[in-house]
């Protein structure tokens, strides 16, 4: 059963300097820990390993569900990433943002989840160990972003016997914004939301990048799944950028590191005839049957 934790307002607690730069610099903690993180994220052929010293202090393990920027920029170390969905929610761009994709004077819009009994939200779940990643997320999502936490059931896109996902759902931690937080902007016509997104920028980059990279994640990682709200917003944002003569290259920023997802999924080769030329010729003889 999903339940909400209390909100943490941005002004309620002092934010360490290391967390204030977590989006723009992609760094967290000491230089030694950052080196471990960068080595993990830069290796495209291996899973991200939790190998910093802080994780050794607490072996607690949990899964965190990402449906917004966490899909393409987690910012923390993790040991596995699995695509899938949670039920009972739909994704909406109704949360304001003045710390990453906008400013206090001109807040941007980012994704949150709204309850819907028939809803399904696709994203990805990260397996994390220890306190470091959760503390990072607490600062990024709750203190800076105004989100609350809840627990939900996560259903994997690909089930496997070598993971906890053998066809059964597991509990995941989810960060969700509600109208009670002071960043909340609420519902608005999609063209109005698109205009706001196309004209906002924050310390982490242009607000349009948030929408376009999230849509790109859905198109590339979960093809065939429709998210009407997100995809229509993607179209409208692109139209707004074109109308305002804003080059796409100026809003996208640096390409994020590649994330290896669904690493438990079998990689099947496409049908190929490359070896047929190596089969020796044989002569056939007629048989009287």
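Numbering (UniProt numbering), first residue to last: 1 to 289.
Backbone N, C-alpha and C define an ideal beta-carbon position, used for all residues, glycine too.
Apart from the 5 residues on each side of it in sequence, residue 233 sits with its Cβ closer than 7 Å to the Cβ of 93, 190, 193, 194 and 211 in its chain, given in chain order. Here the stretch 174-190 lies against the stretch 138-158, with 3 or more beta-carbon pairs under 8 Å apart.
For residue 171 against residue 153, the beta-carbon gap comes to about 7 Å, under 8 Å, which counts as contact. Per DSSP, the unbroken beta strand (DSSP E) holding residue 176 starts and ends at 170-176. Exclusion of the five residues before and after residue 71 leaves 123, 124, 214 and 217 as the residues of its chain whose Cβ lies within less than 7 Å of its Cβ. Around the C-beta of residue 242, fewer than 16 other C-beta atoms lie within 10 Å, and the residue is accordingly described as exposed.
In this structure, DSSP gives residue 139 a helical state, which the three-state scheme calls helix. Non-local beta-carbon contacts of residue 127 in its own chain, meaning distances under 7 Å to residues more than five positions away in sequence, involve 61, 63, 78, 79 and 80 in chain order. Remark: C-beta atoms of residue 155 and residue 67 do not approach each other more closely than 7 Å.
The beta-carbon distance between residue 138 and residue 200, rounded to whole angstroms, is 25 Å. This is too long to meet the 8 Å contact definition. Residue pairing by DSSP puts residue 148 in a beta bridge opposite 176.
Annotated three-state conformation of residue 117 is strand, per DSSP.
Judged by DSSP in its simplified three-state form, residue 64 adopts strand.
Burial state of residue 225 is exposed, judged by a 10 Å Cβ sphere holding fewer than 16 other Cβ atoms. For residue 78, no alpha helix (DSSP H) run applies, since DSSP gives it neither H nor E. Residue 108 and residue 131 have their C-alpha atoms spaced approximately 30 Å apart.
The three-state secondary structure of residue 196, taken from DSSP, is helix. The beta-carbon distance between residue 98 and residue 206, rounded to whole angstroms, is 15 Å. This is too long to meet the 8 Å contact definition. In this structure, DSSP gives residue 258 a state outside helix and strand, which the three-state scheme calls coil.
In this structure residue 188 does not touch residue 237 by the C-beta definition: roughly 14 Å separates them, more than the 8 Å allowed. Straight-line measurement puts the Cα of residue 110 at about 19 Å from the Cα of residue 239.
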